[in-house]
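Q: Those protein sequence lines, which keep their order, are chains V and C.
Reading the first sequence from the start, the letters are residues 1 to 657 in my numbering.
Reading the second sequence from the start, the letters are residues 658 to 1151 in my numbering.
I have a structure I would like to understand better, so I am pasting it below and will then ask my questions one at a time.
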Amino acid sequence: MTDMQKLYLLVPLAPLAGATVTGLFGRKLGRSASHWITILGVAVAFIASLAVFQDVKAGHTFNGAVYTWLTTGDVRFEVGFLIDRLTVLMMLVVTFVSLMVHVYTIGYMHDDDGYQRFFSYISLFTFSMLMLVMSNNFLQLFFGWEAVGLVSYLLIGFWFTRPTAIYANLKAFLVNRVGDFGFLLGIGMILAHFGTLDYAAVFARAPSIAQDTVELIPGSPWLVITVVCILLFIGAMGKSAQFPLHVWLPDSMEGPTPISALIHAATMVTAGIFMVARMSPLFELSETALSFILVIGGITALFMAFLGVVQNDIKRVVAYSTLSQLGYMTVALGASAYSVAIFHLMTHAFFKALLFLGAGSVIIAMHHEQDMRKMGGLRKYMPITYWCVVIGSLALSGIPPFAGFFSKDMIIDAVRDCQIPGAGFAYFAVVCGVFVTAFYTFRLLFMTFHGKPRMDHHTESHLHESPWTVTVPLVMLAIPSVYAGWAYIGPLLYGNYFGSAIHVSESHDVIGHLREAITPGKIVVQNLTNLPFLLALLGIFSAWVLYILKPEWPAKIADRFRAIYIVLDNKYYFDEFNDRFFAGGARRIGNFLWRLGDVKIIDGFFVNGSAKVVGGISRLIRELQSGYVYHYAFAMIFGLFALLSLSGLIDAWFVKP
Amino acid sequence: MILGIPLLSLVIWLPIVAGVAVLATGGDRNANLARMIALVGSVLGFIVAIPIYTGFNALQGGMQFTELQPWVERFHVNYHLGVDGISLWLVLLNCFTTPLVVIAGWKVIEKKVAQYMAAFLIMSGIVNGVFMALDALLFYVFWEAMLIPMFIIIGVWGGPNRVYAAIKFFLYTLLGSLLMLVALIYLYHQSGSFSILDYYKLPLSMAAQVLIFLAFFVAFAVKVPMWPVHTWLPDAHVEAPTGGSVVLAAIMLKVGAYGFLRFSLPIAPDASHALSGFMITLSLIAVVYIGLVALVQSDMKKLIAYSSISHMGFVTLGIFIFNAIGTEGAIVQMISHGLVSGAMFLCVGVLYDRLHSRQIADYGGVANKMPMFAAFFMLFSMANSGLPGTSGFAGEFMVILGAMKANFWLAFAAASTLVFGAAYTLWMYKRVIFGAVANSHVSELMDINSREFLFLAILAVGVLGMGLYPLPVANIMHASVNDLLLHVAQSKLQ
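Pasting the structure below:
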């Protein structure tokens, strides 16, 4: 094993070691030892990732097995790493955000009884996420995929005495399992048609089976690649919370805020986006799948943004914003602009983690009050938090020169030039979404930090800025939220950073023209007159009018458009539908099958029924054994007579001739 | 051979002799002595089984460590034993489970201790005999003998409705076995031998094969149990003491599936192919129908019993899709199910010993009082939901991949367990473990003691080890599975 390979192993194993030690011995180690051990593990992973990054930039990639998990038939399942430019970018994002969240947790979870358990979980999460992104095959991808789901489940239900938290974590796990159901079938199809689960081998064979078809429903042939891609994307829809499997993400806010930032904004939910980008050689072969992705992404981007407008819980606004932004990334994938999707994934990881941690800082100050209607005017009490949230909001709204502007603008550009069916709708959705995004983002900012304080006197008298463990991570995330856009757009998008890690066929290459020498400055100048930027400004302006200038208007508007408001407030009634139709339906069917099938028919009729028949017959026969000798003598005589006649009859019939 | 003693015989008879020694301690005055002998006997039983693993030549199909002695010469009945890559793991699983059951019943069983412990030891030896017998009559003797200790365990140490459950269990399985006996006698008449290996080479007409297959089917399907002959299992589990449930789930259910692999497929290959659609349909009904039924159970043991049936559906599905990954997946699933369902029943036992209730509604918020237990129970629940990294995933994954090779919709129906399995397991977990402390009984719960920690930790290591590194398990069975599949692919018709 070379030194570099040891380093690859060190990246996931350091957080795993931290998680194991604190998980098993956390109580004995105590609080500060637990957080230092886990922080050390993640810091080592981050530094090692930086070293790997330098190495990969120098042109070294790696694709090899760590160990063989299983061999069966002619298939070998391995656990292994694929280290290339896409992988290492994800490794950096994951370890950096995770490190910030670890530090932040010291402050946020300060008074919690489950302190050590929490650190163990988030380190375990970091390990799982790293295994997911570093995988070189579909099996390990699925391992990581489900493992992050497990940790998400454990963390959403971290406060397990709260009924809402344990409802939300079960819901999150099950909805994700619906996605994984598709994902696993996709993996199965890949093995059945490609004979391997190794990425490189699958990609190499993909063009040769590009025209193969399969008839899932007799008479309607589909391209194998299309079916595979759609099945894999169903997995992404679960993990990355795309419509209609988005329902779990808002509820996941029941978990502590640090994990909302780490898992439900920056990393785990982007696993689906990463997966599709990783599979670009497959997705490129199926326009149908890309169309499907465009439409799903467009729906998610726009309609989830609407829901952010009516939320009053500060975390839920950010959660719906995350859904909508994941929709943007998905649209970019559908438009074959995989590198743009990853670019937005990165900038979003920074500014969304920043917004969540900022919201968490507010929540600490408000003594775990999350209702924005009870906030207001926090600006003067918590200046660091305020300015960090301002930066995050500007980045999210797409105001130049903040990070989100570049990545979001590239998505809009890409989908505008895209020729795949569904692109028109997606373009409409992402452009409208810009206005809505700017509006809800600044609504949050104004309701929380501006205006008159609306909290009770006791809370107000205790308001103060959060401790350094909270503010330092905020500042550290605010820095890339400012500069990551213009600094990295060059290398990532026109500089061909990704090289062979992402494959785009020529007819789909919507961002190819950007490769002409163009500078970030030029993009800003060009876009200052474009529709999206104007819409963003309009969104901010509307929020200012409604929440600063005329605070009494929103209620009136809600009254005027009562029907729309109610539909939005009930989140399009998805939860009710799922609860009644799927959860209730499954229980009703289960009950019906049990009571009718098992209890009545099998047990009642056949098992106990035949026992009863046997019992009944024996009761009858028992009557014959009366105990009277003359009954038996009669039976003997009768029997003898019957037998004799029978033998006579047999002779007469058979023997005579 | 160890010290001149035939290894396989030792694995069978050592636990039985130990069981008799335990019985000899008599009444409950010597309960501690009985416990000690039982523990030593069961651990020795496991230790003597280890050389089967270490001495096994994985590159070779066929039977190894064979022993052959005439038994009833007049009818050509032999005392004929052997293991191959398929039975090896089942023997080890059985020997591994017995000490756990002894430890689990250590303090909990207070009445008729010697008899309780002896029943498990004797059963352990008998079940080893089932897995190693290569003579059909010897197999049948072990097969039927196996019923007796379990019948006693349920009937004596069981719950309030134990007599109904014990008789239902006994009659169900006995009726099934009788048809198998008819088939075996027919095969004896055809071949003049009771050697199972001779039956493999015996040419048979399609009609004969179908009848033989169906006769075996009744016997084995009841044991697996397959839908619709499964209803004895929930009752037996609910009434059985914890140890009984563990052995029932971990070991007894495996003999049915083993029977398909050892008898039905190689003896009646053409009928197996002809009836595979029927078998697959029943398996998928088990996966889906039983999965839904498990969802609405209010009794924890019943829920896990139904979940067992659903998981065993994967085993029969894997067997009847006739490809390497499916068959090996079925065997891996058997071993995994042995560990996971055993662990699940032990977890319910831990709770039952404290509150004497199996009703989900009587619990809630257990994690507040028993955090260590909650962590173990979480691990096993996740394994029961088929989470990657646990053994529960490996088998299901392989069978689903095998099914996908055969037909997309088979894999589709089977993979639905990803949702159902998680739903019924985690919903139960949520109601029992999570939440605020539900009542005053729960608030008095004590976390697991070192004895309980021991058996849960051993199983946790097994579940994780097999999930993260199933290669050694699968490697041993390749040659035997390959032989089996080649054999089944050859027609026996003339």
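Think of the CB as a built atom: it goes at the ideal place given N, C-alpha and C, for glycine as much as any other residue.
Remember, predicted model here, so these are calculated numbers, not experimental data.
Considering only DSSP beta bridges, list what D956 of chain C is partnered with.
A: In DSSP, D956 of chain C forms a bridge with C:Q1016.
Q: Give me the Cβ distance between A890 of chain C and A951 of chain C, rounded to the nearest whole Å; I'm assuming they're in contact under 8 Å.
A: Per the sequence presented here, residue 890 of chain C reads as Leu, with Ala not at that position. L890 of chain C to A951 of chain C, Cβ: 12 Å. No contact.
Q: S152 of chain V and M268 of chain V look like a contact to me (Cβ under 8 Å); what is the Cβ gap, rounded to whole Å?
A: Sure, about 6 Å apart at Cβ, within 8 Å.
Q: Please list, in chain order, the chain C residues whose beta carbon lies closer than 9 Å to that of R205 of chain V.
A: Per Cβ cutoff of 9 Å: no residues; R205 of chain V is ~17 Å from chain C at best.
Q: With a 10 Å radius around its C-beta and 16 neighbouring C-beta atoms as the bar for buried, classify S32 of chain V as buried or exposed.
A: Exposed, since its Cβ has fewer than 16 Cβ neighbours within 10 Å.
Q: How many angstroms separate the CA atom of P256 of chain V from the CA atom of P473 of chain V?
A: Using only the alpha carbons, I get a separation of about 16 Å.
Q: If you scan the region 893–979 of chain C from start to end, which runs of the beta strand (DSSP E) of 3 or more residues do you find wholly inside it?
A: DSSP runs (the beta strand (DSSP E)) wholly in the region 893–979 of chain C: none.
Q: By DSSP's criteria, S220 of chain V is part of a beta bridge. Which residues make up the other side?
A: Note: S220 of chain V sits in a beta bridge opposite V:I217.
Q: Which runs of the alpha helix (DSSP H) fall wholly inside the region 991–1058 of chain C and span at least 4 residues, in chain order?
A: You should have 1023–1026, 1028–1041.
Q: Please report how far the alpha carbon of G1124 of chain C lies from the alpha carbon of A695 of chain C, in whole angstroms.
A: Spanning the two alpha carbons is a distance of roughly 30 Å.
Q: Determine the chain C residues that contact T72 of chain V at a beta-carbon separation under 8 Å, and present them in chain order.
A: Chain C residues near T72 of chain V: A981, I982, E985, G986, M1055, A1131, H1135.
Q: What span of residues does the alpha helix (DSSP H) with Y736 of chain C cover, start to end?
A: No alpha helix (DSSP H) contains Y736 of chain C, which is instead part of the beta strand (DSSP E) from 734–740.
Q: Please classify W653 of chain V as buried or exposed, where buried requires at least 16 other C-beta atoms within 10 Å of its C-beta.
A: It counts as exposed.
Q: Compare the C-beta of G1155 of chain C against all C-beta atoms of chain V and say whether one is closer than 8 Å.
A: A question about residue 1155 of chain C goes unanswered here, because the residues of chain C that appear run from 658 up to 1151.
Q: Are A822 of chain C and I810 of chain C touching if we call contact CB-CB under 8 Å?
A: Not a contact, by the Cβ cut-off of 8 Å.
Q: Just tell me which of V:F96, V:I314, V:Q325, V:I83 has its CA closest to the CA of V42 of chain V.
A: The candidate whose alpha carbon is nearest that of V42 of chain V is V:F96.
Q: Taking the continuous beta strand (DSSP E) assigned at F77 of chain V, which residues delimit it?
A: Where F77 of chain V is concerned, the enclosing beta strand (DSSP E) stretches over 75–83.
Q: Answer yes or no: do I783 of chain C and V748 of chain C have a C-beta to C-beta separation smaller than 8 Å?
A: Result no, Cβ atoms of I783 of chain C and V748 of chain C do not sit closer than 8 Å.
Q: Give the residues from the region 160–191 of chain V that approach chain C closer than 7 Å (Cβ to any Cβ), ordered along the chain.
A: Cβ contacts with chain C: F160, T161, P163, I166, L170, F173, L174, R177, V178, D180, F181, L184, L185, G188, M189, L191.
Q: Is there a Cβ of chain C sitting closer than 8 Å to that of A586 of chain V, yes or no?
A: Taking Cβ atoms only, chain C reaches closer than 8 Å to A586 of chain V, which makes this a yes.
Q: At a CB-CB cut-off below 9 Å, which residues of chain V make contact with T888 of chain C?
A: D598, V599, I602, D603, F606, V607, listed in chain order.
Q: Output, in sequence order along the chain, the residues in the region 923–957 of chain C whose CB is closer than 9 Å to any CB in chain V.
A: Listed by position, the residues of the region 923–957 of chain C near chain V (Cβ gap below 9 Å) are Y946, I947, G948, L949, V950, A951, L952, V953, Q954.
Q: Going along chain C in order, which residues have a C-beta closer than 8 Å to the C-beta of G255 of chain V?
A: What G255 of chain V touches in chain C: nothing, since even the nearest Cβ is about 13 Å away.
Q: Taking 7 Å as the cut-off, is the CB of R588 of chain V close to at least one heavy atom of the ligand ZN?
A: The ligand content of the structure shown is nil, which means the ligand ZN is not present either.
Q: Rounded to whole angstroms, what's the CA-CA distance from T385 of chain V to S393 of chain V? Just pull it up for me.
A: If I take the Cα positions, the gap works out to 12 Å.
Q: Quick one: Cα of T22 of chain V to Cα of L29 of chain V, how far?
A: Rounded to whole angstroms, T22 of chain V to L29 of chain V spans 8 Å at the Cα level.
Q: Please compile the residues from chain C whose C-beta is within a distance smaller than 7 Å of the C-beta of F143 of chain V.
A: By Cβ distance, chain C contributes P1045, G1046.
Q: Any idea which residues DSSP pairs P727 of chain C with across the strands?
A: DSSP, once it has assigned bridges, lists C:N735 as partnering P727 of chain C.
Q: How big is the Cα-Cα spacing for E465 of chain V and T459 of chain V?
A: Taking the straight line joining both Cα atoms gives about 13 Å.
Q: For M329 of chain V and M1055 of chain C, I'd like the C-alpha separation in whole angstroms.
A: C-alpha separation (whole angstroms): 33 Å.
Q: Under 7 Å, CB to CB, which of the residues in the region 74–103 of chain V have a partner in chain C?
A: Of all residues in the region 74–103 of chain V, V75 have a Cβ within less than 7 Å of some Cβ in chain C.
Q: Using a Cβ-Cβ cut-off of 6 Å (strictly less than) and excluding sequence neighbours within five positions of H1135 of chain C, which residues of its own chain qualify?
A: Answer for H1135 of chain C: no residue qualifies.
Q: Name the DSSP beta bridge partners of S721 of chain C, please?
A: A small correction: the amino acid at residue 721 of chain C is Gln; Ser does not occupy that position in the sequence shown. Q721 of chain C is bridged to C:V740.
Q: Mapping the DSSP letters down to three states, classify L70 of chain V as helix, strand or coil.
A: The answer is strand: DSSP assigns L70 of chain V an E or B state.
Q: Nearest CA to the CA of L537 of chain V: which residue from V:W159, V:G238, V:R205, V:F405?
A: When each option's Cα is compared against that of L537 of chain V, the closest is V:F405.
Q: For T2 of chain V, count neighbouring C-beta atoms within 10 Å of its own C-beta (all shown protein chains included) and say buried if the count is 16 or more, exposed if not.
A: When all chains shown are included, T2 of chain V counts as exposed.
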